[in-house]
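A short write-up of the structure that comes next.
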Amino acid sequence: MVEIIFQIIVFSLGVWGMIFTIKNRRTMPGGLYGILQNKYEIINKDKLNSILCMRSYALSIYFIFISIIAILTKNFLPIVFLGLTPIIFVAFNIKAKKYVKFFD
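Using full-length UniProt numbering, the letters of the sequence shown map in sequence onto residues 1 to 104.
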C-alpha cells in the first residue's frame with residue numbers, strides 16, 4: 001500500500017512539473033544556476049530560459065518514466081533509483097555551469 005502511494009506521488013510530481021514548465025516556459029526563473037564553481041558564461045535571457053525549460057522537461061519526463069516502470073513492475077525499487085538523476089543529466093549532456101543573466 002505504501003508503495004502505491006509513493007508511485008502516485010512520483011507520477012504526480014512528474015505531471016505537475018510538465019504542466020508548470022509548459023505554463024511558465026516564457027517566464028522561467030532567472031539568475032545564477034548551476035553547481036560548478038568559477039565557471040561563468042554570460043548569456044541572454046532567452047538562452048537561460050530555454051536551458052531552464054530543458055532541465056525541467058528532462059526531470060519531469062524522468063519522474064513520469066520511473067513511476068510508470070514502478071507501476072508496471074509493481075515494485076518499489078525503481079523509485080529508489082531517483083537518486084540517479086545526475087547521471088541522466090550527464091547522459092543528456094546537460095552541463096552544469098553558473099549562468100550570469102545578461103540584461104539587454
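Beta carbons are placed, not taken as given, at the ideal position from N, Cα and C, and that holds for glycine.
Leu52 classed as buried or exposed, judged by whether at least 16 other C-beta atoms fall within 10 angstroms
Indexing the sequence shown from 1 puts residue 52 at position 52. By the neighbour-count definition (other C-beta atoms within 10 Å, threshold 16), Leu52 is a buried residue.
Residue from Met1, Ser60, Lys74 whose Cα sits closest to the Cα of Ser12:
Sequence index remark: in the sequence shown, residue 12 carries index 12 (1-based). Closest by alpha carbon: Ser60.
CB of Gly17 within 9 Å of CB of Ser50, strictly
Counting from 1 along the sequence shown, the entry for residue 17 is found at position 17. Counting from 1 along the sequence shown, the entry for residue 50 is found at position 50. Result no, Cβ atoms of Gly17 and Ser50 do not sit closer than 9 Å.
Excluding the 5 residues flanking Gly14 on each side, which residues of the same chain have their C-beta closer than 6 Å to its C-beta?
Taking the sequence shown and counting its residues from 1, one reaches residue 14 at position 14. Contacts found: Ser60, Phe63, Ile64.
In its own chain, which residues sit with a C-beta less than 8 Å from the C-beta of Leu72, not counting the 5 before and 5 after it?
Sequence index remark: in the sequence shown, residue 72 carries index 72 (1-based). Taken in chain order, the list of residues that qualify is empty.
If you draw a straight line from the alpha carbon of Val10 to that of Ile66, how long is it in whole angstroms?
The count along the sequence shown starts at 1 and reaches residue 10 at position 10. The count along the sequence shown starts at 1 and reaches residue 66 at position 66. About 8 Å.
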